[in-house]
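**Q**
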Amino acid sequence: MSSQDAHYGGNLVDGAKMLQLFGDVATELLIKRDGDEGLFKAYDMVEFFAPVYAGEFIEAVGEIVSEGNSSRKMVFEARKVIVPRPDISDSAADFLEEPIVVCRASGTCVTPKSCQRK
Numbered sequence: 000m001s002s003q004d005a006h007y008g009g010n011l012v013d014g015a016k017m018l019q020l021f022g023d024v025a026t027e028l029l030i031k032r033d034g035d036e037g038l039f040k041a042y043d044m045v046e047f048f049a050p051v052y053a054g055e056f057i058e059a060v061g062e063i064v065s066e067g068n069s070s071r072k073m074v075f076e077a078r079k080v081i082v083p084r085p086d087i088s089d090s091a092a093d094f095l096e097e098p099i100v101v102c103r104a105s106g107t108c109v110t111p112k113s114c115q116r117k
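Note that numbering that gives the first Met the number 0 has the sequence shown beginning at 0, numbered continuously upward.
This is how it looks when you write it as structure tokens:
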């Protein structure tokens, strides 16, 4: 997360940034599945588990767990994988051997039949 992502005091990143990452993951999944970016219809569940701060590296993943004719049900997870170490130097960072889950979500995307190429 860049310093521009910090939205609150203490360099805290707005939780909506995780949803933005999930939107990017959903777009990739839909392009792989349908050959089209599709549209995000709705989240039905979002849970935040840990704060995210500027300078941390977040890995976002997702998968399609069920499909209708045009709908794609997806689940997502965002994990903190690298944290900065400003106590050592401005550019020092630690790779987390055990990533920290910061957010999970599920939602539905739609690719209109007329846009599906696969």
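Using N, Cα and C, we set each Cβ at its ideal position, and we do this for glycine too.
Cα separation between residue 2 and residue 53?
**A** By 1-based counting over the sequence shown, the position of residue 2 is 3. By 1-based counting over the sequence shown, the position of residue 53 is 54. Each residue's Cα considered, the two are about 5 angstroms apart.
**Q** Residue 8 by DSSP, collapsed to three states: which one?
**A** Residue 8 sits at position 9 when you count from the first residue of the sequence shown. If DSSP states are grouped into helix, strand and coil, residue 8 belongs with the helices.
**Q** Secondary structure at residue 88, three-state DSSP: helix, strand or coil?
**A** Along the sequence shown, read from residue 1 onward, the residue named residue 88 stands at position 89. In the three-state DSSP reduction, residue 88 falls in the coil class, being neither helix nor strand.
**Q** Output yes or no for whether 8 angstroms exceeds the beta carbon distance between residue 108 and residue 29.
**A** Within the sequence shown, residue 108 is the residue found at index 109, counting from 1. Within the sequence shown, residue 29 is the residue found at index 30, counting from 1. Yes, the Cβ-Cβ distance between residue 108 and residue 29 is below 8 angstroms.
**Q** Within 10 Å of its beta-carbon, does residue 84 have 16 or more other beta-carbons around it, so buried, or fewer, so exposed?
**A** The residue labelled residue 84 in the question sits at position 85 within the sequence shown. Residue 84 sits exposed, since fewer than 16 C-beta atoms from the chains shown fall within 10 Å of its C-beta.
**Q** Measuring CB to CB, does residue 18 end up less than 8 angstroms from residue 104?
**A** As a working mapping, residue 18 is identified with position 19 in the sequence shown. As a working mapping, residue 104 is identified with position 105 in the sequence shown. It is a contact, given that the beta carbons lie within the stated cut-off.
**Q** Is the beta carbon of residue 81 sitting closer than 8 angstroms to the one on residue 55?
**A** Against the sequence shown, residue 81 aligns to sequence position 82. Against the sequence shown, residue 55 aligns to sequence position 56. Yes, the Cβ-Cβ distance between residue 81 and residue 55 is below 8 angstroms.
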